[in-house]
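Chemist: Its first residue numbered 2, the sequence shown is counted upward by one per residue in our numbering. Idealized CB from N, CA, C, for every residue including glycine. Remember, it's a predicted structure, so these values are computed and weren't measured experimentally. Handing you this structure, nothing more for now.
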Amino acid sequence: MQWELVTSKENKLIRHVNRLASEAKYRRANGVYVCEGEKLLWEAVRDGVPLQAVVWEQQSLHEARAARPEKLQLLETLGCRLVEAPANVFSAASFLETFSGPLFLCGIREPKIPEKGSRFLALDCVQDPGNVGTVIRSADAFSVDGVFLLEGTADPYQPKAVRAAMGSIFRVPVYRVTTEDFFQAMQKLLLPVYAAALSDRAEPIGNKALGDAAVIVGNEGRGVRPETIARCDGTRIIPMSGNAESLNAAVAASILMWEMSRWR
């Protein structure tokens with residue numbers, strides 16, 4: 002595949018990238034999201050992620066050709082659209098304040114609700130895309146079978162979420178479902194569901210095995226919705242010895258997934 006040169010900020014592809022970066026509805030309607038960074042690009046290639054297009058700043062592309070010719074040659078065999086653009090045009094498409102490498106477009110995965118698996122993490126109304134991405138990265142690190150995103154949770158394909166996931170978005174199954182569909186799926190898998198929440202009956206993790214199960218982590222300020230907690234098989238808390246009242250949602254989720262992995 003040959004590289005094509007784009008010299009206008011009004012180019013259709015450049016405008017397409019802009020909308021993908023800024024509009025969740027546009028991403029979902031097109032089934033495409035945008036990533037940025039050379040390290041992330043090679044990770045996507047390694048993982049066999051189907052690429053639709055790659056946009057590379059012209060001077061940086063020339064440097065990459067000289068330093069990593071074999072990788073560029075591999076990229077040119079993948080059949081995706083390859084575009085180079087001068088710095089002023091590329092910057093119109095980039096969504097980061099500092100240059101971090103090429104932009105590339107990937108198809109959004111919408112996997113079917115799983116029929117197997119024993120460890121899942123669910124997010125209930127978690128609104129910070131950075132937290133969502135970090136949870137996906139931790140799920141990858143601790144071999145969780147998938148992450149469920151319930152109503153009100155941020156788009157996992159928003160650029161901030163993709164950046165925080167650090168390539169794990171390519172590997173971890175992410176299910177965007179209703180709360181009802183989530184509980185039905187766990188019931189079919191015969192898995193208990195626990196909410197990470199304070200309650201009179203909450204059990205500290207570590208006191209009791211947290212193995213084959215699904216755990217729900219809630220909104221950054223309000224926690225798991227009461228009506229969701231009411232449907233759970235119990236609640237779990239993370240013991241803390243310091244003065245902080247609570248943990249960041251992504252930190253809490255990561256600790257819970259680590260605890261689940263200990264019983265694997």
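What residue does the beta strand (DSSP E) around I217 start on, and which one ends it?
Modeler: First-last of the beta strand (DSSP E) with I217: A214 to G219.
Chemist: Beta-carbon separation of V35 and P130 under 8 Å?
Modeler: No, these two residues do not count as a Cβ contact at 8 Å.
Chemist: If you count every other CB in all the chains shown that lies within 10 Å of the CB of S242, and 16 or more means buried, which is it?
Modeler: When all chains shown are included, S242 counts as exposed.
Chemist: Quick check on N89: buried or exposed, where buried means 16 or more other Cβ atoms within 10 Å of its Cβ?
Modeler: Exposed is the call here.
Chemist: Between the region 182–200 and the region 42–60, are three or more C-beta pairs nearer than 8 Å?
Modeler: Segments in contact, no.
Chemist: In three-state terms, what does DSSP make of V133?
Modeler: Note: V133 maps to helix in three-state DSSP.
Chemist: Assuming E24 contacts L97 under a Cβ cut-off of 8 Å, what Cβ separation, rounded to an integer in Å, is found between them?
Modeler: Going by Cβ atoms, the distance from E24 to L97 rounds to 17 Å, so no, they are not a contact pair.
Chemist: Need the endpoints of the beta strand (DSSP E) that I230 sits in, please.
Modeler: Per DSSP, I230 belongs to no beta strand (DSSP E); it is in the alpha helix (DSSP H), P227 to I230.
Chemist: Would you report the Cα separation of V245 and I239, rounded to the nearest angstrom?
Modeler: According to the sequence displayed, residue 245 carries Ala and not Val. If I take the Cα positions, the gap works out to 12 Å.
Chemist: What do you reckon, are the CB atoms on V225 and D125 nearer than 8 Å?
Modeler: It is a contact, given that the beta carbons lie within the stated cut-off.
Chemist: Using the Cβ count rule (16 or more neighbours within 10 Å means buried), how would you classify T78?
Modeler: By the 10 Å Cβ count, T78 comes out exposed.
Chemist: Within the same chain, show all residues whose beta-carbon is closer than 6 Å to that of D141, passing over the 5 residues directly before and after it, in chain order.
Modeler: S169, R172 and V173, listed in sequence order.
Chemist: May I ask you to verify whether the region 60–80 touches the region 37–48, counting CB pairs closer than 8 Å and requiring at least 3?
Modeler: Result yes; three or more Cβ-Cβ pairs closer than 8 Å.
Chemist: Put Q128 into one of helix, strand or coil per three-state DSSP.
Modeler: Reduced to three states, the DSSP call for Q128 is coil.
Chemist: Specify, as a first and last residue, the run of the beta strand (DSSP E) that Y27 falls within.
Modeler: Looking at the DSSP string, Y27 is not in any beta strand (DSSP E); the run it does join, the alpha helix (DSSP H), is A25 to N31.
Chemist: Under 8 Å, do A186 and R237 count as touching if we go by C-beta distance?
Modeler: No, Cβ-Cβ distance for A186 and R237 is not below 8 Å.
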